[in-house]
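Written below as structure tokens is the structure these notes are about.
Residue numbers (this note's numbering): 2 to 199.
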């Protein structure tokens, strides 16, 4: 099974963006993005106080620093970071991966950047990890993210409530799941639509 290692520089190349390994220098931008309370609220799927948002983002930045190999940085063709994807391996009840995605500012939304980043990342994960499916979730209020996930081929599994582990605030979320057989035709469509580089 391949892992994200320091030997991997570029993970995937698309038409508008590239995926590459996380670098320590990326954290400065991540921290800057997460200072935007509204952006952080969408990223973590939670509506709460500014103080709670700060606690969550501080905890998240520590987590990224401690587990850098679980982060993929999304960069534009000028090699400027525009977002990131977090990856968590889950082995029970069957092997799968849970991912999360964040774009660094609202100006990047609505331009298919998140869609392309997910398509490239999902293709990479299915081809390099022994997994049966990929899951992600988002806040029920994040309709734009839901449309993106459905476009990638994810199916809604359920709506559920989750207690955020740092602040203990209850979050209302939707869980999505995608298996490889469902993804492959979506990926073929993506290649035809975008003229993906590689």
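From the three backbone atoms N, C-alpha and C, an ideal C-beta is built for every residue, glycine too. Only a predicted model underlies this, so the values are computations on that prediction, with no experimental measurement involved.
Option nearest residue i by Cα separation, candidates the options
i	options	result
residue 144	44, 34, 15, 20	44
residue 32	12, 50, 133, 55	55
residue 75	63, 24, 47, 182	24
residue 125	68, 79, 98, 63	98
residue 82	96, 104, 90, 100	104
residue 111	79, 148, 194, 77	148
residue 189	154, 96, 66, 114	154
residue 62	80, 39, 29	29
residue 107	39, 184, 180, 18	39
residue 96	70, 64, 127, 71	127
residue 80	170, 19, 180	19
Length of the line joining the Cα atoms of residue i and residue j
i	j	result
residue 7	residue 37	At residue 7 the pLDDT is 46, less than 50, meaning the model places this residue with poor confidence; the figure from the coordinates comes in the next sentence. The alpha-carbon atoms of residue 7 and residue 37 are separated by roughly 30 Å.
residue 35	residue 186	35 Å
residue 13	residue 21	7 Å
residue 182	residue 164	32 Å
residue 134	residue 60	27 Å
residue 16	residue 196	7 Å
residue 41	residue 91	25 Å
residue 166	residue 47	12 Å
residue 191	residue 150	13 Å
residue 132	residue 50	37 Å
residue 57	residue 193	39 Å
residue 94	residue 26	36 Å
residue 114	residue 11	17 Å
residue 184	residue 158	16 Å
residue 170	residue 180	31 Å
DSSP bridge partner residues for residue i (one or two, in chain order)
i	result
residue 161	174
residue 22	73
residue 180	134
residue 89	99
residue 11	21
residue 84	75, 104
residue 156	178
Assumed close pair residue i, residue j - CB separation to whole angstroms, cut-off 8 Å
i	j	result
residue 152	residue 116	6 Å
residue 160	residue 141	6 Å
residue 136	residue 178	5 Å
residue 146	residue 73	Actually they do not touch by this definition, with Cβ atoms about 17 Å apart.
residue 138	residue 175	6 Å
residue 102	residue 78	In fact, because the Cβ distance is near 19 Å, the residues do not count as touching under 8 Å.
residue 109	residue 84	7 Å
message: In chain order, what are the residue ranges of uninterrupted alpha helix (DSSP H) at least 4 long that sit wholly in the stretch 40-74?
response: 51-67
- request: Any chance you could list the alpha helix (DSSP H) runs of at least 4 consecutive residues sitting entirely within the stretch 101-149, in chain order?
  value: 114-129
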